[in-house]
Amino acid sequence: MKKFSLLLLAALLAVSLIGCAPDAPQQYRTEFLGTFDTVVSVIGYADTEEEFSQAAGIVHETFAGLHQLFDIYHGYSGVNNIKTINDNAGLMPVKVDARIIELLQTAKEWHSKTDGAVNVAMGPVLAVWHEYRGTGIASPEDAAVPGAQELAEAAKLTNIGKIAIDEAASTVYIEAGMRIDVGAIAKGYATQAAADALIAAGYDSVLISAGGNVAAVGAPKDGRDKWGVGVKDPQSDLAYSTDDENLLDVAYVSGVSVVSSGSYERYYEVDGVRYHHLIDPQTLFPAAHCIGVTVIAQDSTAADVLSTAAFVLPPEEAMLLIENTEGTEALWVHENGDVTLSSGMAAYLKHIGGATNGA
Ligand code: AMP
Ligand code: MG
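Below, the structure written as structure tokens:
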């Protein structure tokens, strides 16, 4: 079961040095746990280990702070977070950090741009699925599918227009029964915030990988002009392999984000049928148009929202959304293994498009 971890046990694991040519920047790598229920890897080129450790520290600090703010399951003393807003539904506006205001405003904009496919006010519906998934995973013999009636009741409280944001007062208020769930966008926001913080501190060669969210700051400093980011094969059981053979493809990128969403991420089964976590607001059931999507975009928040939207929307609408959003590309994998690409996607791909990394 994936959920936000209770304790911020984020431990920066040992930094490792990879490769060694004297006087050239070296590649370093580290990972930490404890934020956004995922492993965050930081890979970068730096002149010294200390310089790299400082970069990794910036990434860790950014993720740790935003994890607390965007958590919907846990409270933290002295912090008003998304859970605080949800706990005060129907009671009072909650004063929150400007980053929560920004996240929710961005989410509202994307709600209209995605024709409602991504709705952070869908919390009541997502909570029903969360509960059934929890039961289904903990005791498979009790696994059940939520009833249409129960879902329809929950869906009455998902009007995103009723998330009342007072920017001047920095408060958020939702009506009784409403519940915000930022799972479709929060990790992308954190990844972009970390990338921005690195750039502001002068770093120009770091790859941040947080579960299915990758941001490439600059390019590797080893002769290559692109980072290779694995595009997971949704039909392979192997999670995020770095081995080419278990990947669908490799996207060569610099200065952009690569984000994937798929039915393989969180799911449970009832009578042999998989019920995953990406819910179509139209049907209130897991979307079934494809099994995985990978989106490339300049901004990691946009890439995160778009990967969820491109998964949930019917194929023609999903393609139109990507084609009409400047600077974004996408790849869809269908149940039968077929792959669909937006018009500029192949140019990034090693196998399908013959792209190269300059090495
Ligand atoms: P992602 O992995 O970025 O595609 O986000 C998946 C998470 O977003 C889920 O675990 C839910 O918390 C949430 N979610 C699922 N479906 C939707 C939807 N249609 N709109 C908004 N959030 C959603
Ligand atoms: Mg997403």
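With this note's numbering, the residue at position 251 of the sequence shown is 232, and numbering never jumps. Glycine included, every Cβ here is placed at the ideal spot set by N, Cα and C.
- Item | Of the listed residues ALA200, ALA196, ALA98 and ALA150, nearest to LEU259 (C-alpha basis) | As a first step, residue 259 must be located in the sequence shown, where it is residue number 278. Closest in C-alpha terms to LEU259, from the list ALA200, ALA196, ALA98 and ALA150, comes ALA98.
- Message: Run the Cβ filter for me: residues under 7 Å from any heavy atom of the ligand MG, listed in the order they occur in the chain.
- Response: Listed by chain position, these are ALA165, ILE166, GLY169, VAL240, SER242, ASP285, VAL286, SER288 and THR289.
- Three or more C-beta pairs below 8 Å linking the region 48 to 56 and the region 113 to 123: The region 48 to 56 vs the region 113 to 123: no contact.
- Task: Classify GLU12 as helix, strand or coil using the three-state DSSP reduction.
- Result: Against the sequence shown, residue 12 aligns to sequence position 31. Shown here, GLU12 sits in a strand according to DSSP, grouped into three states.
- Item | Uninterrupted alpha helix (DSSP H) stretches inside the region 89 to 177 (no shorter than 4 residues) | DSSP runs (the alpha helix (DSSP H)) wholly in the region 89 to 177: 104 to 119 and 129 to 136.
- GLY192 versus GLU246 - alpha carbon distance: Residue mapping note: residue 192 aligns to position 211 of the sequence shown, counting from 1. Residue mapping note: residue 246 aligns to position 265 of the sequence shown, counting from 1. Put simply, the backbone Cα of GLY192 is about 10 Å away from that of GLU246.
- Closer than 7 Å by C-beta to TYR221: which residues in its own chain qualify, once you throw out the five before and the five after it? Chain order, please. One-based indexing of the sequence shown puts residue 221 at position 240. Bear in mind that the predicted position of TYR221 carries a pLDDT of just 46, short of 50, making it too unreliable to give a figure here.
- Task: With a 10 Å radius around its C-beta and 16 neighbouring C-beta atoms as the bar for buried, classify ARG255 as buried or exposed.
- Result: Translated into the one-based positions of the sequence shown, residue 255 becomes position 274. Exposed, because fewer than 16 other Cβ atoms sit within 10 Å of the Cβ of ARG255.
- Task: Pull up the distance between the alpha-carbon of VAL187 and that of GLY46, whole angstroms please.
- Result: As a position in the sequence shown, residue 187 is number 206, starting the count at 1. As a position in the sequence shown, residue 46 is number 65, starting the count at 1. Separation of VAL187 and GLY46 (C-alpha to C-alpha, rounded to the nearest whole angstrom) is 20 Å.
- Query: Is TYR233 close to chain D, meaning its C-beta is less than 8 Å from at least one C-beta of that chain?
  - Reply: Looking at the structure shown, chain D is missing, and only one protein chain is on hand.
- With a threshold of 7 Å, establish whether the CB of ASN67 neighbours any heavy atom of the ligand AMP. For this step, residue 67 is matched to residue 86 along the sequence shown. Answer for ASN67: no, Cβ out of range of the ligand AMP.
- Message: Nearest by alpha-carbon distance to VAL363: which of GLY335, VAL251, VAL198 and TRP313 is it?
- Response: Absent from the structure is residue 363, since the part of the chain shown begins at -18 and ends at 340.
- Query: Within 10 angstroms of its Cβ, does SER288 collect 16 or more other Cβ (buried), or is it exposed?
  - Reply: In the sequence shown, counting from the first residue as 1, residue 288 sits at position 307. Around the beta carbon of SER288, 16 or more other beta carbons sit within 10 angstroms, so the residue counts as buried.
- Three-way DSSP call (helix, strand, coil) for LEU(-2) in this model: Locating residue -2 in the sequence shown gives position 17, where the first residue counts as 1. Of the three classes helix, strand and coil, the one that applies to LEU(-2) here is strand, per DSSP.
- Message: What residue range does the beta strand (DSSP E) around VAL251 cover?
- Response: The residue given as residue 251 occupies position 270 in the sequence shown. Run containing VAL251: 248 to 251, per the beta strand (DSSP E) assignment.
- Query: Under a Cβ-count criterion, where at least 16 other Cβ atoms within 10 Å of its own Cβ denotes burial, should GLY56 be classed as buried or exposed?
  - Reply: Stepping through the sequence shown from its first residue, residue 56 is reached at position 75. GLY56 comes out exposed.
- Message: At the level of alpha carbons, what is the spacing between LEU219 and ILE272?
- Response: By 1-based counting over the sequence shown, the position of residue 219 is 238. By 1-based counting over the sequence shown, the position of residue 272 is 291. Any answer about LEU219 is weak, because its pLDDT of 49 lies below 50 and its placement is not dependable; what the coordinates show is given next. Between LEU219 and ILE272, the C-alpha separation is close to 15 Å.
- Message: Per DSSP, what are the beta-bridge partners of LEU322 in this structure?
- Response: One-based indexing of the sequence shown puts residue 322 at position 341. Bridge partners of LEU322: LEU312.
- Task: Report yes if the C-beta distance between VAL21 and GLU30 is below 8 Å; otherwise report no.
- Result: Taking the first residue of the sequence shown as 1, we reach residue 21 at position 40. Taking the first residue of the sequence shown as 1, we reach residue 30 at position 49. Their beta carbons are not under 8 Å apart, which means VAL21 does not touch GLU30 by this criterion.
- Task: Counting only the same chain and skipping the five closest in sequence on each side, list residues whose C-beta sits under 6 Å from that of GLY325.
- Result: The sequence position of residue 325 within the sequence shown is 344, counting from 1. The residues are GLU310.
- Local conformation of PRO262 per DSSP, three classes: Looking up residue 262 in the sequence shown gives position 281. Coil, per DSSP.
- Message: Is the beta carbon of TYR233 closer than 8 Å to that of THR337?
- Response: Here residue 337 is taken as the residue at index 356 of the sequence shown, counted from 1. Here residue 233 is taken as the residue at index 252 of the sequence shown, counted from 1. For THR337 and TYR233, yes; Cβs fall inside 8 Å.
- Out of ILE118, GLY308, GLU316 and ASP177, state which residue places its alpha-carbon closest to the alpha-carbon of ASP252. The residue you call residue 252 lines up with position 271 of the sequence shown. If we check each option's Cα against that of ASP252, ILE118 comes out closest.
- Message: According to DSSP, is HIS41 part of a helix, a strand, or is it coil?
- Response: The count along the sequence shown starts at 1 and reaches residue 41 at position 60. In the structure shown, HIS41 adopts helical secondary structure according to DSSP, grouped into three states.
- Task: Look at the Cβ atom of GLY339, then the Cβ atom of LYS207, and state whether they are nearer than 8 Å.
- Result: The residue given as residue 339 occupies position 358 in the sequence shown. The residue given as residue 207 occupies position 226 in the sequence shown. Yes, these two residues count as a Cβ contact at 8 Å.
- Item | Identified DSSP bridge partners for VAL77 | Position 96 of the sequence shown, counting from 1, holds the residue named residue 77. DSSP output for VAL77 lists no bridge partner at all.
- Would you kindly work out how many angstroms separate the C-alpha atoms of MET159 and PRO6, rounded to a whole number? Here residue 159 is taken as the residue at index 178 of the sequence shown, counted from 1. Here residue 6 is taken as the residue at index 25 of the sequence shown, counted from 1. Cα to Cα, the separation comes out at about 51 Å.
- Message: Please identify the residue among SER34, LEU132, ARG114 and ILE146 whose C-alpha is closest to the C-alpha of LYS76.
- Response: Along the sequence shown, one-based indexing puts residue 76 at 95. It is ILE146.
- Message: When you measure from the CB of ASN227 to every non-hydrogen atom of the ligand AMP, does any distance come out below 7 Å?
- Response: The residue you call residue 227 lines up with position 246 of the sequence shown. Within 7 Å of the C-beta of ASN227 there is not a single heavy atom belonging to the ligand AMP.
- Could you have a look at GLY192 and say whether DSSP puts it in helix, strand or coil? In the sequence shown, residue 192 corresponds to position 211, counting from 1. GLY192: coil per DSSP, three-state reduction.
- Message: Less than 7 Å between C-beta atoms, sequence neighbours within five positions excluded: which residues of the same chain meet that for GLY318?
- Response: Position 337 of the sequence shown holds residue 318. Within the same chain, Cβ atoms closer than 7 Å to the Cβ of GLY318 are found at GLN216, the five residues on either side in sequence being excluded.
- Since ILE53 is in the alpha helix (DSSP H), which residue starts that stretch and which ends it? Along the sequence shown, read from residue 1 onward, the residue named residue 53 stands at position 72. For ILE53, no alpha helix (DSSP H) run applies, since DSSP gives it neither H nor E.
- Output the distance between the C-alpha atoms of TYR9 and GLY164, rounded to the nearest integer angstrom. In the sequence shown, counting from the first residue as 1, residue 9 sits at position 28. In the sequence shown, counting from the first residue as 1, residue 164 sits at position 183. Between TYR9 and GLY164, the alpha-carbon positions lie close to 30 Å from each other.
- Query: Looking only at C-alpha atoms, which of ALA88, ALA108 and LEU312 sits nearest to ASN100?
  - Reply: In the sequence shown, residue 100 corresponds to position 119, counting from 1. For ASN100, the nearest C-alpha among the options comes from ALA88.
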